[in-house]
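Protein chains: 2
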Amino acid sequence: MKQITPLPLRCVRFTDGLPQRMQQLVKEKVIPYQWDTLHDRVSGVAKSHCIENFRIAAGLSQGEFYGNIFQDSDLYKWLEATAYCIEVFHNPEQEAIADSICELIRMAQQPDGYINTYYTIKEPDGRFTTLQQGHELYCAGHFFEAAVAYYKATSKRAILDTACRFADYLTLVFGPGEGQNHGYPGHQVAEVGLIKLYKVTNNEAYLNLAAYFISQRGQRPLYFPMERERPGYKDIFNQPVINLPTYAQTHIEPARQTEAVGHAVRALYMYSAMADLATLCGDDALARACNVLYKSVTQRRMYITGGVGSTYIGESFTGDYDLPNDTIYGESCASVALMMFASRMTSLTGDGAYYDTVERAFFNQVLGGISLTGTEFFYVGPLQVDPDVCRVNPSYAHIKTVRQRWFDVACCPTNIARTVMSIAGYAFGSDGNSLYIHIPFACEIQDGRFALQLQTQYPYGNTLRITALAGDQRIKLRQSAFAPIKTLTLNDKALPITVDNGYITLPALANGDVVLATMDMQPHYVVSHPKVIGNTGKASVMRGPLVYCAEQADNDKGLASLALPEHPSFSEYAAFDHGGAVTLTLMGTKAVSVDEQTLYQNRLPEWEPQKITLIPYYLWANRGEGEMRVYLNVRP
Amino acid sequence: MKQITPLPLRCVRFTDGLPQRMQQLVKEKVIPYQWDTLHDRVSGVAKSHCIENFRIAAGLSQGEFYGNIFQDSDLYKWLEATAYCIEVFHNPEQEAIADSICELIRMAQQPDGYINTYYTIKEPDGRFTTLQQGHELYCAGHFFEAAVAYYKATSKRAILDTACRFADYLTLVFGPGEGQNHGYPGHQVAEVGLIKLYKVTNNEAYLNLAAYFISQRGQRPLYFPMERERPGYKDIFNQPVINLPTYAQTHIEPARQTEAVGHAVRALYMYSAMADLATLCGDDALARACNVLYKSVTQRRMYITGGVGSTYIGESFTGDYDLPNDTIYGESCASVALMMFASRMTSLTGDGAYYDTVERAFFNQVLGGISLTGTEFFYVGPLQVDPDVCRVNPSYAHIKTVRQRWFDVACCPTNIARTVMSIAGYAFGSDGNSLYIHIPFACEIQDGRFALQLQTQYPYGNTLRITALAGDQRIKLRQSAFAPIKTLTLNDKALPITVDNGYITLPALANGDVVLATMDMQPHYVVSHPKVIGNTGKASVMRGPLVYCAEQADNDKGLASLALPEHPSFSEYAAFDHGGAVTLTLMGTKAVSVDEQTLYQNRLPEWEPQKITLIPYYLWANRGEGEMRVYLNVRP
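Residue numbers (this note's numbering), protein chains in the order written: chain A, 155 to 790; chain B, 155 to 790.
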């Protein structure tokens, strides 16, 4: 099997619809806004100090480190997003800014290659004394991802060299040898970064270190408890949950793990690295584990929106079918990590079905993390919000009813930005021979091998028109579960819809050939497994890959009293100007209490006809604070 | 208005049904079991050390204090329960044991009257340095309640004298005078205890101190923040929520409080004292506040079972209509305190309607706190339990799926015991002229004024037969909201059902007269206010004052998939041998997924006919661990 790799971003130019809108937003609003927050130029938001930390570490400024121990990663993810933006839009001004950041990072690098502003400024002797909590390898991983992205975008080697110097240093420090550190990251992502670095450098030491981190994890005696017992050990976060072996997935060797447990972002970054290693090294045990863990996540522990992490305690997975809509964590970063894992599963197996999860996470939980203005973000993505309840019950302290301008822990905004800006790499892949259309977006594709035009309003429109702009265009068109292709023509002649490994192989197209696909975009109910006890008797609505929700702005207060009919008749109209966004309405009912004053009464409510309006979940909370619900009662 | 006071327990002999069963259980199982736990003679349960603490403080033993700072209160509540038991059953063996405890407490008393084993053993110089957290006045209040109960039961003055010496000391320490401590209890209950002490001694200093504690609360500058700033202040519990002024209801003067906030037990003990003071002192401002606070609790912040406290964080009230069934706190002690408050509201106003709340709390949440064996207890009383979820989601860490044999904080078991053993004092009152039947229990009443026989299977049976055993028996029979009297006869001749202030005044009965009442005991649905967002589209079932629930033991797993019909037809049968306990069945439906394997599917479930069995809520979790639900979906 030839491996499917992402199409370079430079080869894809979005021409219409949601992806174009989102990329423009990230380019024009999100990246500049985040640049300002990282410089502490935005008033009234949590202080970042991130760039100032680098300036201090680089000797360009005096002062103290400020922020979380993982504060550096915010700059790295911003740089990664900016790199993608430069690759897509070729913006020299942004590139000049990014060059200066690359230089700043280089200046903050220590003579031996080490980079971390917290330890450099505050605890130069404390390096790697707490792998469990210190986040040095986490920051390193995000740095490597950013460096590779920037190198790919600009072909400039400087930042790549900085990264390699750091990675070279890590290969000396960590490993199985005597005198080496036998630990591994407390927060996984170094593995993913090292593998990316390997892919552009072919330096196997990086791949080997990533593999070492994975294989070493869970080995007895466990590393973190030993670390905690060393004299002078510093408990940075002082949260008991962190010490649970499941929290950072150290409870057992990754190749033998069978259930998604612990901190969701850590878990999914690790699974992503495992899938990479399985692909690159042909490691069957890791491949099997990835398959089992993917099922654990997506068949039993994932929200319909692609949110993961059912509890704020440890930002963690809990157990099978425990998916509360209101006390959910559903961190935006975790859904980014789920996209990473699922897309790598397609690379590993060649099976397109995993992309249903990429779409689910992207179009709902990830896009939901960012406001239409591009300057407010969700860290936590609930599926049900009642501001009156959130205000009074401390169980909802982690739930924000509207997006926030910044966070003390600001991992999510830059993570969303880098993901949106690189979505073309998720949407399109190549095995060198065929173009894989994993997600059909309106665009022009121009690359050495492929020249195509795609016209569609996906994820809203139900047609896809592919025009070959050169000869011998070989295309594998994914058949998704959410918007399955129902008719397919080549130059107006019907084509058979034969799906193999999740893809329809189109005939080789000649220049000017036109393929037209129509997809099933009928809105419909989706119900949860009966063990999701908060959703029994309820349904959600999906249309294509988009989950819909009811908002107070359209439906007044009291969403809990709404009921969907058993046999719905949906109407569609455009209410949001957002890439062809479709709003749904249908006639349902609303419970009206016989006595509105009484807490407990002996009569069932009356049910009155009520128009129910549903909007795409990712667009919620763009019209002020109010109730929101994904699942509504169904009443026959 | 003549004040209604509880009938002395000695005058009521239960002859049948639930109250007799429960009193026997407390006498024969609960009190001996708790005696053993307080002596640490029960293996495998949390260590108490309570009696040993007293022995050390009394100089009878050597050792260290062990346990919570409020550990003494466990013995006091045990003594109170035992006092009631002795008053009811005249058991000389128990009285000898209790006498020895009274003597032990006396020996632990310091020369100045002070009693508290923690401070006496561990911090003799720390008395009253942290009223907010030290619980000395809390323990004192429970001691006063116990001492008064024991004095009333036995007419022995020794323990009353010990209590008065302590109370006298407190009247010196606390008060508005220069050099006096201007603080008040961090955990209210001293006020209730002092008022009881006043009632048996007529020493107004005790009443005045209780009134001082209430009037001083909330005065600016707030006492507790000043206390926290004193040098050497010790933060015992280190829980930030404790420092919220609302937590211990210090945010505003009690007379001006309008909403039930903060720690539910503290709040309701305080409201109880406020009602007492309003009654005894004719304080209209307190009476008005009690009325408003009673409405805040019972009209907006109380579970159908009489549970209160919607969050484990601070064991607290949250806000209006925020009544989650699964993450509820619903502490057994809080429902005991609600019974205390509501019954005092009847004493204050003469209105019997408050007794609906006494019944609601007693028959459901309080009785639910104790197992059929008498040796296991609930601290937290959820209305919905799924053990599979509780096991995996740390938001349910406070929820126990089965009753526990003891607790580190063991306030509830003894509180339930004292309440059950004194239930006759709740059920029957007197204004010196008329007997008030607040709750109709099968019993014989013999007191200087009244001689009556009551025959009923209440709360299960629907008839009440009252036979006068002497002449001129004047009776006020409460008309409850839960089991309203539908027919009433005197010697087989119909009587009019005229309700005044919640009571039907019967004609004066001659010796041998028989009054027969029939009550409406039809099971029926009860629905919550639509703002209780977890309960929309659902109903609970009540029969008389009893709330019913579905258990896995009768209905298999998957209670969330059950649906009640809109028009139910209930059958009744006896499944539990418990005072005539009635089990209900009805035909409903159960959702059957089209595809049991899929987390999210596009088809609504099929609904198949399903017999649904419901048992009284208070009997749940007596057949092992399993799912339980009070609210079930309704499907027309």
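Note that beta-carbon positions come from the ideal geometry of N, C-alpha and C, so glycine has one too.
Requested in this report: Could you say which of Ile629(A), Leu608(A), Asn397(A), Pro684(A) lies nearest to Thr284(A) if we only look at CA atoms?
Outcome: Closest option to Thr284(A), Cα to Cα, is Asn397(A).
Report task. Report the three-state DSSP secondary structure of Leu608(B) (helix, strand or coil). Result -> DSSP places Leu608(B) in strand when its eight states are reduced to three.
**Report entry** Arg209(B) vs Ser202(B) beta-carbon contact at 8 Å
**Finding:** No, these two residues do not count as a Cβ contact at 8 Å.
Requested in this report: Check the Cβ-Cβ distances between Tyr323(A) and every residue of chain B, and say whether any is below 8 Å.
Outcome: By this cut-off, Tyr323(A) is not an interface position.
Query raised in the report: Touching or not, the segment 593 to 602 of chain B and the segment 249 to 264 of chain B, by the rule of three or more beta carbon pairs under 8 Å?
Result: Result no; under three Cβ-Cβ pairs closer than 8 Å.
Query raised in the report: Are the C-beta of Ile251(B) and some C-beta of chain C separated by less than 8 Å?
Result: This model lacks chain C altogether, as its protein chains are A and B.
Query raised in the report: How would you label Ser197(A), buried or exposed, when you count the other beta carbons within 10 angstroms and need 16 or more for buried?
Result: Answer is exposed; the Cβ neighbour count stays below 16.
**Report entry** Contact with chain A by Ile482(B), beta-carbon distance below 8 Å
**Finding:** Nearest CB-CB separation between Ile482(B) and chain A: not below the 8 Å threshold.
Query raised in the report: Grouping DSSP H, G and I as helix and E and B as strand, with all else coil, what is Asp194(A)?
Result: Asp194(A) carries a coil assignment under DSSP once its states are collapsed to helix, strand and coil.
Query raised in the report: DSSP on Val788(B), reduced to helix/strand/coil?
Result: In this structure, Val788(B) counts as strand in the three-state DSSP scheme.
Query raised in the report: Using CA coordinates, which residue listed in Pro394(A), Ser715(A), Val539(A) is at the minimum distance from Pro684(B)?
Result: With distances taken between CA atoms, Pro684(B) lies nearest to Ser715(A) out of Pro394(A), Ser715(A), Val539(A).
**Report entry** Short CB-CB distance (under 8 Å) between Asn665(B) and chain A
**Finding:** Output row for Asn665(B): interface = no.
Query raised in the report: When DSSP builds the beta bridges, which residues end up paired with Phe582(B)?
Result: DSSP lists Ile591(B) as partners of Phe582(B).
Query raised in the report: By the criterion of Cβ-Cβ separation under 7 Å, what are the contact partners of Glu381(B) in chain A?
Result: Going along chain A, no residue has its Cβ under 7 Å from Glu381(B), so there is no contact; the nearest lies around 24 Å.
**Report entry** Proximal chain A residues relative to Ser747(B), where beta-carbon distance stays under 8 Å
**Finding:** For Ser747(B), the C-beta contacts it makes with chain A under 8 Å involve Val681, His683, Pro684, in order along the chain.
Query raised in the report: Does the beta carbon of Ala693(A) sit closer than 8 Å to a beta carbon anywhere in chain B?
Result: Under the Cβ criterion of 8 Å, Ala693(A) is counted among the residues facing chain B.
Requested in this report: Quick one: grab the DSSP three-state call for Phe531(A).
Outcome: It is a strand residue.
Requested in this report: Output the boundary residues of the beta strand (DSSP E) element that contains Met673(B).
Outcome: Unbroken beta strand (DSSP E) run through Met673(B): 668 to 673.
Report task. In the DSSP assignment, find the beta strand (DSSP E) that holds Gln600(A) and state where it starts and stops. Result -> Counting along the chain, the beta strand (DSSP E) containing Gln600(A) begins and ends at 597 to 600.
Requested in this report: Could you tell me whether the segment 636 to 645 of chain A touches the segment 727 to 740 of chain A, where touching means 3 or more Cβ pairs closer than 8 Å?
Outcome: No, because fewer than three Cβ pairs between the segment 636 to 645 of chain A and the segment 727 to 740 of chain A fall closer than 8 Å, the two stretches do not touch.
Query - the segment 608 to 625 of chain B touching the segment 163 to 182 of chain B, judged by at least three CB pairs closer than 8 Å - result: Because the criterion of three Cβ pairs below 8 Å is met, the segment 608 to 625 of chain B and the segment 163 to 182 of chain B touch.
Report task. Would you mind working out which of Ala637(A), Leu623(A), Phe636(A), Asn655(A) sits nearest Lys630(A), comparing C-alpha positions? Result -> Taking only the C-alpha atoms, the option nearest Lys630(A) is Asn655(A).
**Report entry** Alpha carbon of Val487(A) to alpha carbon of Tyr423(A), nearest angstrom
**Finding:** Reading the sequence as shown, one finds Cys at residue 487(A) and not Val. A straight-line Cα-Cα distance of about 10 Å links Cys487(A) and Tyr423(A).
Report task. Check whether the segment 394 to 413 of chain B touches the segment 294 to 312 of chain B, counting contact only when three or more Cβ pairs, one atom from each stretch, lie closer than 8 Å. Result -> No, because fewer than three Cβ pairs between the segment 394 to 413 of chain B and the segment 294 to 312 of chain B fall closer than 8 Å, the two stretches do not touch.
Query raised in the report: DSSP state of Glu257(A), grouped into three classes?
Result: Here Glu257(A) sits in helix by DSSP.
Query - 8 Å Cβ shell around Ile467(A) - same chain, five flanking residues per side excluded - result: For Ile467(A), same chain residues with a beta-carbon under 8 Å away, outside a window of 5 residues either side, are Val395 in chain order.
Report task. Run down chain B in chain order and give the residues with a C-beta less than 7 Å from the C-beta of Thr546(A). Result -> The residue you asked about is not Thr; residue 546(A) is Val in the sequence shown. Within chain B, the residues near Val546(A) are Thr472, Gly473, Asp476.
Query raised in the report: What separation, rounded to the nearest whole angstrom, lies between the Cα atoms of Leu526(A) and Glu299(A)?
Result: Take the alpha-carbon of Leu526(A) and the one of Glu299(A): they are about 27 Å apart.
**Report entry** Where Ala294(A) sits in the DSSP three-state scheme
**Finding:** Helix.
Query raised in the report: Given a threshold of 16 other Cβ atoms within 10 Å of its Cβ, counted over all protein chains shown, does Pro536(B) qualify as buried or as exposed?
Result: Pro536(B) should be labelled buried.
Query raised in the report: Which term fits Asp474(B), buried or exposed, when burial requires 16 or more other beta carbons within 10 angstroms of its beta carbon?
Result: By the neighbour-count rule (16 or more Cβ atoms within 10 Å), Asp474(B) is buried.
Requested in this report: Could you work out which residues of chain A lie near Leu758(B), taking near to mean beta carbons separated by less than 7 Å?
Outcome: Residues of chain A with a Cβ closer than 7 Å to the Cβ of Leu758(B) are, in chain order, Tyr679, Val681, Ala693, Glu720, Val788.
Query raised in the report: Under a CB-based cut-off of 8 Å, is Ile467(A) close to chain B?
Result: Yes, contact with chain B.
Report task. Verify whether the separation of the beta carbon atoms of Leu768(B) and Tyr702(B) is less than 8 Å. Result -> Cβ distance < 8 Å, so Leu768(B) and Tyr702(B) count as in contact.
Report task. Starting from Tyr754(A), find everything on chain B with Cβ-Cβ shorter than 7 Å and list it in chain order. Result -> Under the 7 Å cutoff, chain B gives Ile458, Val680, Ser682.
Query raised in the report: Between Thr743(B), Ser450(B), Leu314(B), Met675(B), which lies nearest to Asn356(B) when the distance is taken from Cα to Cα?
Result: When only C-alpha atoms are compared, the closest one is Leu314(B).
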